[in-house]
Amino acid sequence: MTEVRSDLRLELMAGEEAEAIARAVQELNPEAKIEEYPGLLIIRVPSNTRMVIDRVRVEEELGRPYNLRDIQTIMAAFYGYWKETSPDRWVLEWMER
Amino acid sequence: MGGVSMAMYVRLKGELPPIFLPAGPPTPVGEALAMASQMWRKDPTKARLLFQGRPLEDLSKPLAEYGVGPDDLLELEVVE
Amino acid sequence: MAKKVDFREATLRQLYENYGLTTADLEWEPTYVSKDEVSPPERRTRLPVKDWSKFEDPFKLFFEDYVRVQAEKETVFHDAIRLAERFGEARRINPRWVAGMKLYYPAVAQSEAEAHRGHLGLSRHSPSPALAMASFYQLLDELRHAQNDVHAMRYWVRYLDELKNWAQLYQNFWAMQVFRSLFEDMATPSDPFELVFHTNVALEMGYTNLLFVAAPTAGAANGDRVFAQLQMSTQSDETRHIALGQATLRALLEQENRDELLPTLQYWFDKWTWRHHRVFGVTGIFLDYFAENKTLSYKEAFKKYFIEGYIQGLLEDFEPLGLKPPRFLDDIIKEAENYQSHQVWKLAFQYNYLNFFETFPPTEKDKAWLREKYPNWDQVVGWYWEQVEHGDPGIVQGLPLICNLCQFPIVYNPNDPDHPTNGSFHLRTTRYNGRTYYFCSDGCQYIFEHEPEKYAHAKTLTELVIEGRAPADVEKLREYMGLEPGWGGNLFEKPIWKEWLASQGREG
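Residue numbers (our numbering), protein chains in the order written: chain H, 1 to 97; chain U, 98 to 177; chain A, 178 to 685.
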């Protein structure tokens with residue numbers, strides 16, 4: 001049995017949408033950490049929290065309307081479970097026990 | 098399908114992969130040693146063959162006398 | 178001021194809330210033909226699953242969205258490759274990385290085609306309409322990946338020759354047998370749910386992030402943005418495939434009769450985690466050796482993606498439901514963290530006279546990085562490169578012993594932690610129907626002994642040569658494998674490398 005639960009993680013192709021999403025996540029979860037590699041932006045939050053991507057906040061950061069479905073265009077990897085993928089909010093968390 | 102491959106292999110001690118040795122149980126140890134040495138670019142006068150950790154010392158004996166079967170692995174060891 | 182009502186948004190929200198209704202009617206009792214004619218029993222799952230309503234697709238994708246998002250991905254990829262072509266990017270990519278791409282594309286193009294084939298079966302014979310839909314999107318995705326990999330090869334053959342024979346290379350080249358064995362095993366699963374385990378669970382959760390996320394960062398760092406964009410685009414589809422895998426695992430392990438399912442599921446989990454480790458561990462040579470500008474080591478990528486993401490992420494939830502850690506996990510970790518990329522690279526150099534892609538000895542700068550990332554590097558392979566540096570050609574002039582399961586020449590010794598190749602190497606063999614089979618590892622032997630009929634009929638390339646069914650002469654063997662004169666060898670001894678150094682203002 002593993003002792004350490006790994007972070008919830010979202011890996012996005014770098015660009016303005018990825019940056020807007022990262023800032024929107026950080027607004028709702030101050031424990032969020034960002035890592036950058038060539039072409040890639042990684043958002044991590046602690047395993048006992050949630051990663052919430054709120055559409056209105058993303059649009060504010062981006063400065064234009066944004067369809068959350070378009071995250072799929074830039075999403076390279078994720079670790080966790082998508083609890084919600086609605087038009088207004090995407091939520092990533094680990095399974096409840 | 099069909100055909101059964103029986104092949105012997107020789108490994109240089111400390112190295113991988115083992116390589117195919119065109120020999121069989123009737124092959125004399127000396128002949129097998131010469132072939133293995135050539136393939137691994139070693140001097141046969143400064144090398145010996147081992148089977149399951151045991152050196153094959155009599156070069157005139159066939160490999161079968163040391164219990165070597167048609168699909169077994171030999172080792173080539175350099176002895177300075 | 179009243180907000181303008183967006184009816185489309187409101188409709189989408191309603192549809193999202195009621196997603197199950199959009200797929201429920203995709204399943205009905207046939208009346209014109211029998212159910213067995215529509216879906217023969219041998220193509221359906223044998224798993225005694227009672228309740229398929231438990232399968233839920235987290236992405237709740239509508240076809241309209243699928244088409245829109247995928248079209249956008251295609252536009253981005255094709256724009257990137259068109260731009261690269263227009264401005265001659267290929268000529269400015271480090272030839273070390275280009276050598277790696279020669280190996281990469283034929284293997285991965287075919288793998289995607291086989292995954293497409295596999296999901297044709299699952300989608301067609303799925304017991305759950307929601308699963309059928311998710312699998313249907315996947316088979317379209319895999320076809321897109323295969324076509325884009327071939328399209329990338331079309332781009333590359335403007336600059337180099339080696340990929341023009343890619344189909345023959347895939348069929349006959351010695352190292353490609355490793356990929357052929359794996360992908361053909363994947364395309365012929367014993368059960369549609371074995372397919373889910375080998376693709377959606379083991380491969381896509383465990384290893385594709387290493388290949389399609391970590392390796393692209395190395396590509397980008399060495400000037401190959403086409404590769405980086407293509408593989409990240411591929412990987413964006415994988416996120417949906419991973420969700421299919423997660424949802425399937427949950428649906429299976431939350432069944433009331435899960436104890437009946439567990440032995441089969443555990444075997445698939447054990448088998449495929451092992452098989453993918455063996456093959457996709459080859460990713461290590463792209464990160465640790467081909468790339469001159471390094472991003473992260475295979476060991477680091479393995480820790481991030483395999484250990485943290487796959488093992489910790491998956492097992493934390495599924496162990497309480499009865500799924501145990503993969504049987505050969507300790508061997509996998511030991512190999513990946515200490516030996517794998519180094520022994521594979523060394524093997525590739527040992528046979529560089531039989532390759533169509535170039536390899537090369539690590540430079541002093543490479544070695545400094547390797548020693549830092551892998552503290553026992555000198556003990557594992559450093560001694561070999563020292564010999565090469567002192568004039569030993571380093572090549573092996575003989576047919577390698579090849580594992581009868583994974584088709585890899587036998588270069589691992591995981592049972593001996595202190596002396597990776599200098600210790601008590603023991604050869605694993607199994608007799609079956611009068612023939613001796615050789616294995617590189619406990620993992621490969623275990624799989625063979627579980628399903629001998631599946632694997633017993635193939636012959637390794639070495640065995641084909643011994644039997645006279647493939648040529649023994651080096652030049653004829655090269656031709657048989659699809660190689661032309663001048664291909665392969667040591668990159669540092671070739672004019673393209675010297676030209677590259679000159680173009681960068683560097684000395685040889």
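C-beta atoms are modelled at their ideal positions from N, C-alpha and C, and glycine is treated no differently. Bear in mind that the values here come from a model prediction, so they are computed numbers and not experimental data.
Tell me whether residue 667 (chain A) sits in a helix, a strand or coil according to DSSP, three-state version.
-> strand
Looking at residue 295 (chain A) and residue 344 (chain A), is the spacing between their C-beta atoms short of 7 Å?
-> no
Listing by chain order, which chain U residues have their CB less than 7 Å from the CB of residue 558 (chain A)?
-> None at all; the shortest Cβ gap to chain U is about 11 Å.
Nearest-angstrom Cα separation, counted from residue 416 (chain A) out to residue 59 (chain H) | 23 Å
Assuming residue 421 (chain A) contacts residue 306 (chain A) under a Cβ cut-off of 8 Å, what Cβ separation, rounded to an integer in Å, is found between them?
-> Their Cβ separation, rounded to whole angstroms, is 14 Å, which puts residue 421 (chain A) and residue 306 (chain A) out of contact at 8 Å.
Extent of the continuous alpha helix (DSSP H) run through residue 394 (chain A) | The continuous alpha helix (DSSP H) containing residue 394 (chain A) extends over residues 392–398.
Close beta carbons around residue 459 (chain A), own chain, < 7 Å, minus the five adjacent residues each side | 521
Sorted by chain position, which residues of the same chain lie with C-beta nearer than 7 Å to residue 98 (chain U)'s C-beta, five sequence neighbours on each side aside?
-> For residue 98 (chain U), the pLDDT reaches just 39, beneath the cut-off of 50, and the residue's location in the model is therefore unreliable, leaving the point undetermined.
Would you mind working out which of H:34, H:85 and H:48 sits nearest residue 5 (chain H), comparing C-alpha positions?
-> H:48
Taking contact to mean at least 3 C-beta pairs separated by less than 8 Å, is the region 101–120 of chain U in contact with the region 610–617 of chain A?
-> The region 101–120 of chain U, when compared against the region 610–617 of chain A, does touch it at the 8 Å Cβ threshold.
Where does residue 372 (chain A) land, buried or exposed, given buried means 16+ other C-beta within 10 angstroms?
-> buried
So does the region 440–447 of chain A actually touch the region 368–387 of chain A, counting three or more Cβ pairs closer than 8 Å?
-> Result yes; three or more Cβ-Cβ pairs closer than 8 Å.
Cα-Cα separation between residue 575 (chain A) and residue 654 (chain A), rounded to whole angstroms | 12 Å
Got a sec: which bits of the region 477–498 of chain A sit with their beta carbon under 7 Å from any beta carbon on chain U, in order along the chain?
-> From the region 477–498 of chain A, no residue has a Cβ closer than 7 Å to chain U.
Chain A beta carbons: is any one of them nearer than 7 Å to that of residue 49 (chain H)?
-> no
Could you name the residues of the region 112–140 of chain U whose beta carbon sits closer than 7 Å to any beta carbon of chain A, in the order they occur along the chain?
-> 112, 113, 114, 115, 116, 117 and 136
Comparing the C-beta of residue 12 (chain H) with each C-beta of chain A, is any distance below 7 Å?
-> Under the 7 Å criterion on CB atoms, residue 12 (chain H) is classed as non-interfacial with respect to chain A.
Looking only at its own chain, which residues have a Cβ that is under 7 Å from the Cβ of residue 293 (chain A), when we skip the five neighbours before and after it?
-> 316, 319, 320 and 323
Alpha carbon to alpha carbon, how far is residue 235 (chain A) from residue 199 (chain A)? Give it in angstroms, no decimals.
-> 14 Å
Neighbour list for residue 76 (chain H) in chain A, Cβ cutoff strictly below 7 Å = 390, 409, 412 and 413
Are the CB atoms of residue 277 (chain A) and residue 457 (chain A) nearer to each other than 7 Å?
-> no
Using DSSP with H/G/I as helix, E/B as strand and the rest coil, what is residue 587 (chain A)?
-> coil
May I ask you to list the residues that DSSP assigns as paired with residue 33 (chain H)?
-> DSSP lists H:44 as partners of residue 33 (chain H).
Counting only beta-carbon atoms, is residue 104 (chain U) nearer than 7 Å to chain A?
-> yes
If we call anything under 7 Å between Cβ atoms a contact, is residue 543 (chain A) one with residue 69 (chain H)?
-> In this structure, residue 543 (chain A) sits away from residue 69 (chain H), with a CB-CB distance that is not shorter than 7 Å.
Close Cβ partners of residue 77 (chain H) (< 7 Å) along its chain, the five nearest in sequence each way excluded = 11
Which of helix, strand or coil DSSP assigns to residue 469 (chain A) | If DSSP states are grouped into helix, strand and coil, residue 469 (chain A) belongs with coil.
Which bits of chain H does residue 186 (chain A) rub up against, with CB to CB less than 8 Å?
-> 87
For residue 239 (chain A) and residue 192 (chain A), the rounded distance between their alpha carbons = Between the alpha carbons of residue 192 (chain A) and residue 239 (chain A) lies a distance of about 9 Å.
What are the complete alpha helix (DSSP H) segments, minimum 4 residues, inside the region 432–482 of chain A?
-> Within the region 432–482 of chain A, the complete alpha helix (DSSP H) segments at least 4 residues long are 435–457 and 475–478, listed from N- to C-terminus.
Could you spell out where the beta strand (DSSP E) holding residue 51 (chain H) opens and where it closes?
-> 51–54
Continuous beta strand (DSSP E) stretch holding residue 131 (chain U): start and end = Note, residue 131 (chain U): premise wrong, no beta strand (DSSP E); alpha helix (DSSP H) at 126–136.
CB contact check: residue 246 (chain A) to chain H, cutoff 7 Å | yes
Who are the near neighbours of residue 250 (chain A) in its chain, counting only those whose CB is closer than 6 Å to its CB and skipping five residues on each side?
-> 410
Classify residue 303 (chain A) as buried or exposed, calling it buried when 16 or more other Cβ atoms lie within 10 Å of its own Cβ.
-> buried
Taking C-beta pairs closer than 7 Å, name the residues in chain A that residue 155 (chain U) reaches, listed in chain order.
-> What residue 155 (chain U) touches in chain A: nothing, since even the nearest Cβ is about 24 Å away.
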